[in-house]
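Below you'll find the structure, written out as C-alpha cells, and then a few comments.
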Amino acid sequence: MSTVSAPRVRTPLIGGGHCATPNDGVRTTNAHEGTTPTGERVITVALAGQPNVGKSTVFNMLTGLSQHVGNWPGKTIEQKTGTYRYNGTSVQLVDLPGTYSLTANSPEEQIARDFIIKEHPDVVIAIVNAATLERSLYLLSELVWLPVPVVLGLNMVDVAEREGYRVESHVLEAALGLPVVPIIATRNQGIRELVEAVDALVRDPLRYAPRRPEIREDHRAVLDEIELLIAGYVPPPYPSDWVALKLLEGDVEITRLIQTHLPSERWEQVHNILRQHEDAILAVAGGRYEWIGRMMRAAVEQPRVGQVTLTDRLDRVATHPFLGLLVLTGILALVFWLTYTIATPMQSWLDAYVVQGGAELVRQMLSGAPPWIVGLLADGVIGGAGTVITFLPILVIFFAILGLLEDVGYMARAAYVMDRFMHAMGLHGKSFLPLFLGFGCNVPAVAGARIIDSPRARLLTIQLAPLVPCTARMAVVAFLTPAFFGRGAALVAWGLVLLNLIILALVGIVANRLAFRGTHAAFIMELPLYHIPNRRTIGMFVWQNTTAFLRKAGSIILVVSVIVWALSAFPGPGLENSVIGQLGQLMKPVGQLMGLDWQPMVALVTSFVAKENAIATLGVLYGEGEEAAGLGETMAASVPPAAALAFLAVTMLFIPCAATLATIRQETGGWRWAVFNVGLLLAISFGVGILIYQSAALIGWGV
Amino acid sequence: MLDRLLGILRAGGIHTPDRLASQLGVSEQLVDQMLADLSRMGYLRSISSATCHALPDGETGACADCALAGTCSVGEPDGNVWALTQKAFR
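Structure follows, in C-alpha cells:
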C-alpha cells in the first residue's frame, strides 16, 4: 500500500457559476464508503482516460506495489486495482479500461460505463493529455453526465508546452466547474495535488458543479419530453436525465432497458418520438463538440501556425489542383524513363542469350528428334513463355519504383489529385476510388464499384474500370515500346497511359451526364506523412510481385504458349495453313485498317486469357523461322511505326482479361453487361487504333 | 461543429482530415474523433473493406491478383478512406 503524505496547501476552491444541470444526482455518500477496523475511512476512486494519456503511470505512481491484477468479471479484459492512503483515508483505486468515449460500442466502454454507474465510486479521476486536449475532452464530456464527481488530471503539460500549447488550468477549472490539476506523471509532478483534490472533493462534494454539454437547442424540447415520459420508470442506479440523452443517442442497451421498464403505451410514445428524431444523435454529439470548442477557446492558447513540416511543404505542390497533376504526369514519365533506361538493355541481353541462345541450344541438342518436339520446345516453350520471362528486369524496375512511391507516401497523393481532376472533368468522385484500384488490377476495380450506392452509377463505373491500364498491360507496353520506338519509348508509353485516361474521362463525362446528373459525393482520405522508404518493404514488394509473375509465366502463360504453338504448327504445312493462321486470316481485314498483319491480331485474342500472353504469342508467331533475331528486332522490322502505335493503343484499350470479365459477370448478376463491355471496348480499342493509323497515313508518317 | 463538418462533406469533393481541421478551426485529432463518431452513427462508412475485400472468395478477396495489393493504402482492412452514406443526405 502506497502512502501519500499530508498536503500542505488545500486545493483551491472550484469556480461555481451556472451549469446545465448542477449537481444532479451526485451522491454525497457511497456504497463502498466505510471504515476499516482501525477506524480508517475507505473510499473508491476510478481512474478513467483514453488510451496513451499516461493513465497507467498515474496508477503506478499512486498504488506502488499494492496492485492486484485480474480480469473484469465475465471479460478477458485486464482489471487493475490498488490502494493508497491519504489524510486518514484508505483509497481503493480502480483502473478503468482506456476508452475514447462511453458509448458502449466496445467491451472496454461498457465496463467503464457500468462501473461508474453501478459501482458508483466516490470520485472519478479523468486523466487527459494536455497536448491532445481537444480530443481527450470528449471522454470528459460524457463523464460529467454521470452521477459521480470528476477530478481532471491534466497530464503531459510539459509536452503540451513544448508543442506550443498553453493550457490555463485555473481558467479550464472555472470553465468546466470541476477541479483541474496539472500533472507530469512520468516525473511524479502534481500527483500529490491530484490526491488532495480527490480528498477535498470527497469531503465536500457539494463543491462539484460541472458545466455539462447541452444538446443542440433545436432538440432540447424533445429531450425534456422524453425525460418527462420516462420519469419514475428509470430503474436505479441509472440517472434519468442521462437515460433520456442515451435514448436520443440510440444507445441499444439503454433503449432495451427502458423498453422493459416502461408500460407498453408509454414506450410506444417514446418510441414514436425517437423514430421522428433519428437525427437527434447528431444534436447530442454536436452539443459535446460545441462544449469542447468552448472549453478550448476559454482555456487553451493554441500554437502559432508557423512550423511548417516537410509533408506540408511537399503537399503544397503534390496536392495542388494543377501543380499536383503536373507532378503526377512527371512522375509517370520518370517511371517509364527509368524503366527503359535501366531495364531495356538487360531485357535485350536476356532475349539474345537466354531466349535465342536457349532455342538454338535446344535445336542443336535435339537435332535427331521429330521436328514437332523441337518446334514445341524451341518455339512454343522458349519462344513463348521464355520471351515473357525476359520481362523480369522491366518488372523488377517498374515494381521497385511503384513500391518506392507507395512507401514514401506519394500514391495516396496521386489518388487525391486524380479525384480532383476527375471532379473537374465532371466525373463522379465515388467512381474514382474503384477506378484508381484498376491501375493495380482491373478485378478489384470492378469489385470496388460496390461502394457506389446507385445501381446505375455502379454499372457505369464497372463499364469504365477496364479502361484503366493495369500493371499487366503496362508491362506489355513496357516490353514493346522500346522495340518499336527506341529512344522515344518513354514518351510513347507515357502518351499511351494519358490516352487511356483521356478516353476514360470522355466516356466518364458521358456516363456522368447519363447516370449521376450532377450529384456530389464526398471522400475523406488520410494522407500519410512522407517518410524515408524502407528497403526491406520495397524489396518484399518487388519479390512478391515478380514471384507471382513467374508463377503465372510457369503456368497459364506456358500453357497458352504451347496451345498457340500447336495451333500455329498444325495442320500445316507452314504458318499460313495452321489453325491460327486461318483465324488470323479472318481477322486480317480489321488488322489491315490499322496497318497490322494477322499475327498481332492473334496476339490480341490470346491476351484475353492474360494480358502478358500477347508477348508470348508474338514470341511464338514471330519466332517461327527467325532464329537469329530477338522478338523486338523482328517485330520492329515487320511492323511500321504507325501500325505499331495503333497496335499498342489497341493493347491498352482492348477487352478485359478473363478474370475481369468473370468479375463483371458476378457484380452485374449475369453475362449481359459483361458482353456489353466486351463490345464497348472492342469498339473503342479498334476505333482508336484505326483512327491512329489512318491519321498517320493521311499525313504520311510511319506507314 | 458536427453539423458544419457534415455540411462540408455533403457539398462533395475529396477532403483530408488536416484540411477539414483548418476549415473547422479545430485540431486534426478532433476531426478524427468526429469522423469516427459519424461513422458509428452511420453517416460515413469506411470504404476499404467494400473495395479490396469485396469478393466473398476468401480473405484476399478481389485484390488477390493485384500487383499493388501489398502496399495499397486503400486496400488496408482498416484503411483510412471514408465516404458519405445515403443517411447523410436524408
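So the sequences go chain by chain: L and F. For the first sequence, the numbering used here gives the first residue as 1, with consecutive numbering after it. For the second sequence, the numbering used here gives the first residue as 1, with consecutive numbering after it. Ideal Cβ placement from N, Cα and C applies to all residues, glycine included.
Asked: Counterpart residues of residue 461/L in DSSP-defined beta bridges; Found: DSSP output for residue 461/L lists no bridge partner at all.
Asked: Alpha carbon of residue 600/L to alpha carbon of residue 38/F, nearest angstrom; Found: 53 angstroms
Asked: C-beta neighbour in chain F for residue 100/L, strict 8 angstroms; Found: yes
Asked: Identity of the residue in 463/L, 443/L, 489/L nearest residue 472/L by Cα; Found: 443/L
Asked: Euclidean distance between Cα positions of residue 252/L and residue 137/L; Found: 24 angstroms
Asked: Integer-rounded CB distance, given that residue 1/F should sit under 8 angstroms from residue 24/F; Found: 6 angstroms
Asked: Paired residues, beta bridge with residue 46/L - DSSP; Found: 94/L, 124/L
Asked: Assigned exposure category for residue 351/L - 16 Cβ within 10 Å defines buried; Found: buried
Asked: Spatial distance of residue 582/L from residue 576/L (CA atoms); Found: 7 angstroms
Asked: Three-way DSSP call (helix, strand, coil) for residue 163/L in this model; Found: coil
Asked: In DSSP terms, what residue 46/F is bridged to; Found: 82/F
Asked: Under the three-state DSSP convention, the category residue 249/L falls into; Found: helix
Asked: Residue 585/L classed as buried or exposed, judged by whether at least 16 other C-beta atoms fall within 10 angstroms; Found: exposed
Asked: Beta-carbon proximity list for residue 404/L, same chain, < 8 angstroms, skipping 5 on both sides; Found: 533, 538
Asked: Residues near residue 592/L by beta carbon distance below 8 angstroms, same chain, minus five either side; Found: none
Asked: Neighbour flag for residue 670/L against chain F, beta carbons, 8 angstroms; Found: no
Asked: Cα-Cα separation between residue 282/L and residue 90/F, rounded to whole angstroms; Found: 13 angstroms
Asked: CA nearest to the CA of residue 91/L, picked from 669/L, 121/L, 105/L, 78/L; Found: 121/L
Asked: Straight-line Cα distance separating residue 524/L from residue 13/F; Found: 9 angstroms
Asked: Within 7 angstroms of chain L by C-beta, residues of the stretch 23–38 of chain F in sequence order; Found: 26, 27, 29, 30, 33, 34, 35, 37
Asked: Alpha helix (DSSP H) segments (min. 4 residues) lying fully within the stretch 301–347 of chain L; Found: 310–318, 323–338
Asked: Contact with chain F by residue 245/L, beta-carbon distance below 8 angstroms; Found: no
Asked: Cβ contact (3+ pairs, closer than 8 angstroms) linking the stretch 183–190 of chain L and the stretch 71–81 of chain L; Found: no
Asked: Within 9 angstroms of chain F by C-beta, residues of the stretch 521–544 of chain L in sequence order; Found: 521, 522, 523, 524, 525, 526, 527, 528, 537, 538, 540, 541, 544
Asked: Neighbouring residues, chain F, relative to residue 461/L (Cβ below 8 angstroms); Found: What residue 461/L touches in chain F: nothing, since even the nearest Cβ is about 11 angstroms away.
Asked: Simplified DSSP state of residue 479/L, which is helix, strand or coil; Found: helix
Asked: Chain-ordered chain F contacts of residue 135/L [CB-CB under 8 angstroms]; Found: 27, 29, 30, 32, 33
Asked: Per-residue DSSP class, three states only, for residue 484/L; Found: helix
Asked: Min CB distance residue 292/L to chain F below 8 angstroms; Found: yes
Asked: Collapsed DSSP secondary structure at residue 639/L in the structure displayed; Found: coil
Asked: Residue 135/L to residue 183/L span [Cα, whole Å]; Found: 18 angstroms
Asked: Under 7 angstroms from the C-beta of residue 105/L: neighbouring residues of chain F; Found: 40
Asked: One or two residues paired with residue 80/L in a DSSP bridge; Found: 69/L, 95/L
Asked: Identity of the residue in 256/L, 467/L, 492/L, 347/L nearest residue 477/L by Cα; Found: 492/L
Asked: Cutoff 8 angstroms: residue 604/L Cβ touching any chain F Cβ; Found: no
Asked: Buried or exposed (CB count within 10 angstroms, at least 16 for buried), residue 226/L; Found: buried
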